[in-house]
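Below: one structure, written as structure tokens.
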Ligand SMILES: NC(=O)c1ccc[n+]([C@@H]2O[C@H](COP(=O)([O-])OP(=O)(O)OC[C@H]3O[C@@H](n4cnc5c(N)ncnc54)[C@H](OP(=O)(O)O)[C@@H]3O)[C@@H](O)[C@H]2O)c1
């Protein structure tokens, strides 16, 4: 019987599926979530077939009622949520110059990449506070790094920079509860989003996420990581 319960968003493919796999391999019960019931069930079945403790929960991060339903169901079943990995995201207008970037597209990006993760944090943190334990990993990107901000991809960059704000503000607010909240970049990885020629594997990208999801008490919080090392915002 697993002692920790982890909820991973957008886990039917790509990095999310790999993070779910690596957490399950460590004996954690993974609630694999996806917006598509069919794709999510199939991904969960793949991990269950390997003998790991994985269950499926439908969750569309743009739908507040879907988020609440998923968190309520997990809480009713397990009485806790120990780990949240905010992985689900979309990438739109990657090469579009900021001067022409449609605000409607920015709104779409913010809904999935920023507001969804925030709503999930708001739903699970009170449950984590009850147990004085929580680990939250916000999958961000160096595209959202202000220190190296450059041209194009305005909407995606804004959504990930704003996700980093969520990390810092909430990490500061939960001090004293043993809840560690960090952002990380997986690097450029071979997924549908990263493309087949990306230099890194999903396994390499997942390593830091799993490390942050299983940090010991007293570990870092409110920081931005790449390859297990802190990087500038
Ligand atoms: N790939 C890279 O090189 C790279 C680089 C830096 C950061 N990242 C970050 O790493 C994370 C994972 O990316 P990836 O490369 O694995 O991308 P991916 O292959 O495109 O997978 C994205 C996942 O997010 C899900 N998703 C999209 N909208 C959703 C919604 N409204 N509700 C729930 N799930 C939703 C997708 O589900 P569907 O299958 O239903 O579409 C899919 O499972 C993202 O946060 C991304 O920004 C990736």
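Numbering (the numbering used here), first residue to last: 226 to 458. Here a beta-carbon is modelled for each residue, glycine too, at the ideal position from N, C-alpha and C.
Residue range of the alpha helix (DSSP H) that includes residue i
i           : result
residue 356 : 341 to 356
residue 272 : 262 to 274
residue 382 : 379 to 398
CA nearest to the CA of residue i, picked from the options
i           : options            : result
residue 265 : 239, 380, 315, 391 : 239
residue 377 : 328, 231, 371, 323 : 323
residue 368 : 338, 357, 395      : 338
residue 259 : 273, 402, 361, 312 : 312
residue 451 : 444, 408, 386      : 408
residue 437 : 344, 248, 357, 425 : 248
residue 459 : 423, 346, 342      : Here the chain has residues from 226 to 458 only, and residue 459 is not among them.
residue 234 : 280, 317, 310, 279 : 310
residue 366 : 280, 252, 245, 449 : 449
First and last residue of the uninterrupted beta strand (DSSP E) at residue i
i           : result
residue 310 : 308 to 311
residue 230 : 230 to 233
residue 370 : Segment: none, residue 370 is in no beta strand (DSSP E) and carries neither H nor E.
residue 409 : 404 to 410
residue 258 : 254 to 259
Burial state of residue i (16 or more Cβ within 10 Å)
i           : result
residue 228 : exposed
residue 302 : exposed
residue 254 : buried
residue 351 : exposed
residue 427 : buried
Contact with chain D by residue i, beta-carbon distance below 7 Å
i           : result
residue 249 : In summary, chain D is missing from the structure at hand, where a single protein chain is found.
Any chance the stretch 404 to 416 sits against the stretch 275 to 295, with 3 or more Cβ pairs inside 8 Å?
-> Flag = no, the stretch 404 to 416 and the stretch 275 to 295 do not touch.
Inter-stretch contact at 8 Å, needing at least 3 Cβ pairs: the stretch 290 to 302 / the stretch 262 to 276 = Below 8 Å, too few C-beta pairs join the stretch 290 to 302 and the stretch 262 to 276 to call them touching: fewer than three.
Contact between the stretch 389 to 398 and the stretch 266 to 280 (3+ Cβ pairs under 8 Å) = With a cut-off of 8 Å, the stretch 266 to 280 and the stretch 389 to 398 do not count as touching, because too few Cβ pairs lie within range.
Stretch-stretch touch, CB-based, cutoff 8 Å, three pairs: the stretch 421 to 440 with the stretch 346 to 363 = Because the criterion of three Cβ pairs below 8 Å is met, the stretch 421 to 440 and the stretch 346 to 363 touch.
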